[in-house]
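Comments concern the structure below.
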Amino acid sequence: MPSVSVVVATYNQAHWLGEAIASVRAQTYADWELVVADDGSTDDTATVVASFADTRVHHLPAARAERAAARNRGIAAATGEVVAFLDADDTWRPEKLARQMTALAAAPEAAACYAVARFVDGAGRPLPVRKPVRALSGLLFPRLVRGNFIILASMVVRRRCLDAVGGFDATLPVYGCEDWDLWLRLARRDAIVAVDDELVHYRQHDGNTRPEQVMASGLAVLDRLYADRGVEREAGIGRAAARARHVWYHAGIVAGRRRRAALPLVARALLEHPATLWSRPAAGALAAVALPRTIERAIRGRASA
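Residue numbers 784 to 1088, in the working numbering, belong to the letters of the sequence shown in order.
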């Protein structure tokens, strides 16, 4: 039985998938299995998986059910004591699993370990975005309620902790932040540790989930979270302020592409919670709306720290 099960949920991403699988096979930590949870793909996904003559790589096809359900199928088929997640359009540096398994071994109280991601473009060229700017370890629930700073492809989770919180929520009304929902449930129970090095390449391309969908999904995650009255006390922030911060963050993303399109989001964030005007996400969004791009990038980089 392998120590680590890598779960890749994919839908019609055969053109990226080979590179993702190759990055797993290149790991210096070799005690792994890879489960490709194929969410009803109609492209060459099966052929790409079959092209790797490696008994550790498994294809798990099923009818289309969306990515949260596909990842849960992958988890159910996994046999490792640690589950790692990777998306078909992202890749890992060779030392990624080794570094994280060492970090988990040094922190037996931790449920999971994440690493820093460097954003890249469709061709794999580095972009000037690192997430998070500075990785934090410990009891991260209050920090995570204020915004998701953990890229899915950077996360490895102890299987017993994953089972305890129930995996991905396949009942969310909008998908895009189902990973954030899971990290919040994990962080509410246990510590999470970090490797503060860029071990993941997160690819930005036209097929990424649309910002408006991610925003709607995040608001649904927060509304479901705050249905528990104990959350406000544990997080140290109210529901309206948490929602406003999420809207500010996405206003900044939209403004980075088209400034005028972000103005309704700025207004919405102010209506949700006016005092968040002085928050870091608001600073990043307003910089993206109003300042020259070089200055804006510097401010948004600090705002996302």
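The beta-carbon is built from N, C-alpha and C at its ideal position, and this holds for glycine as well.
Exercise for review: Please list, in chain order, all residues of the same chain as Gly1001 whose beta carbon is under 6 Å from its beta carbon, the five residues on each side excluded.
Suggested key: Cys960, His1029
**Study point:** Cβ shell of Ala797 (< 6 Å), same chain only, five flanking positions each side left out
**Key:** Asp826, Asp827, Thr828, Val831
Check your understanding: Considering only the beta carbon of each residue, do Ala1058 and Leu1048 sit closer than 8 Å?
Key -> no
Review point. Is DSSP giving Pro891 helix, strand or coil here?
Key: coil
Check your understanding: Taking the alpha-carbon positions, what's the Ala1088 to Leu923 distance?
Key -> Confidence is the limiting factor: at Ala1088 the pLDDT is only 49, short of 50, which leaves the residue's position unreliable, though a coordinate-based value still follows. Distance from the CA atom of Ala1088 to the CA atom of Leu923, rounded to whole angstroms, is 14 Å.
Review point. Where does Val912 sit, in a helix, a strand or coil, going by DSSP?
Key: strand
Point to revise | Nearest candidate by alpha-carbon position, reference Tyr1032, set Ala803, Arg1016, Ala1050, Glu1015 | key: Shortest Cα-Cα distance from Tyr1032 to any of Ala803, Arg1016, Ala1050, Glu1015 involves Ala1050.
Review point. Can you tell which of Phe902, Glu995, Arg913 has its C-alpha closest to the C-alpha of Tyr958?
Key: Glu995
Practice item. Specify the secondary structure class of Val940 as computed by DSSP and reduced to three states. Key: strand
Exercise for review: Could you spell out the range, first to last residue, of the alpha helix (DSSP H) harbouring Arg1051?
Suggested key: 1042–1055
Point to revise | N-terminal and C-terminal residue of the beta strand (DSSP E) that Tyr985 is part of | key: 974–986
**Study point:** Sheet register partners of Gly863 (DSSP bridge)
**Key:** As computed with DSSP, Gly863 is found in no beta bridge at all.
Review point. Going by alpha carbons, who is nearest to Leu969 out of Arg942, Pro956, Ala1025?
Key: Checked all of Arg942, Pro956, Ala1025; the closest Cα to Leu969 is Arg942.
Check your understanding: Excluding sequence positions up to five away, which residues of its chain have a Cβ less than 6 Å from the Cβ of Trp799?
Key -> Cβ within range, chain order: Ala871, Asp872.
Review point. Run through DSSP, which three-state label would Leu969 get?
Key: helix
Exercise for review: Return the chain-ordered ranges of every beta strand (DSSP E) run that is complete within the region 802–870 and spans a minimum of 3 residues.
Suggested key: With a minimum length of 3 residues, the continuous beta strand (DSSP E) runs that stay inside the region 802–870 are 815–822, 840–845, 865–868.
Practice item. Could you tell me which of Val899, Ala860, Trp963 sits nearest to Val916, measuring between CA atoms? Key: If we check each option's Cα against that of Val916, Val899 comes out closest.
Review point. Of all the options Leu1054, Val1037, Glu1055, Pro891, which has the alpha carbon lying nearest to the alpha carbon of Ala1068?
Key: Val1037
Check your understanding: Would Phe902 pass as a contact of Tyr985 if the rule is Cβ separation under 8 Å?
Key -> Between Phe902 and Tyr985, the C-beta gap is smaller than 8 Å, which places the two residues in contact.
Review point. Below 8 Å, can you find three or more Cβ-Cβ pairs linking the region 889–899 to the region 977–993?
Key: yes
**Study point:** Start-end ranges of the alpha helix (DSSP H) lying completely within the region 995–1031, minimum 4 residues
**Key:** 1013–1018
Check your understanding: When the Cα of Asp841 is compared with those of Asp904, Val819, Val791, which residue comes out closest?
Key -> The amino acid occupying residue 841 in the given sequence is His; Asp does not appear at that position. When only C-alpha atoms are compared, the closest one is Val819.
**Study point:** Candidates Val787, Val791, Ser786, Met784: closest to Leu935 by CA position
**Key:** Val791
Check your understanding: Are Ala809 and Pro877 touching if we call contact CB-CB under 8 Å?
Key -> yes
Check your understanding: Start and end of the beta strand (DSSP E) containing Val787?
Key -> 787–793
Practice item. Please report the Cβ distance between Ile804 and Val928, rounded to the nearest whole angstrom; I am assuming they are in contact, meaning their Cβ atoms lie under 8 Å. Key: Going by Cβ atoms, the distance from Ile804 to Val928 rounds to 34 Å, so no, they are not a contact pair.
Review point. Does DSSP classify Trp799 as helix, strand or coil?
Key: Per DSSP, reduced to three states, the secondary structure at Trp799 is helical.
Review point. Can you tell me whether DSSP reads Thr1059 as helix, strand or coil?
Key: helix
Review point. In terms of residue numbering, what span does the alpha helix (DSSP H) encompassing Pro956 cover?
Key: In the DSSP annotation of this structure, Pro956 is not part of any alpha helix (DSSP H), being labelled neither H nor E.
Practice item. Apply the 10 Å Cβ neighbour rule to Ser1062 and answer buried if 16 or more other Cβ atoms are within range, or exposed otherwise. Key: buried
**Study point:** Beta-ladder partner(s) of Gly921, from DSSP
**Key:** Ile975
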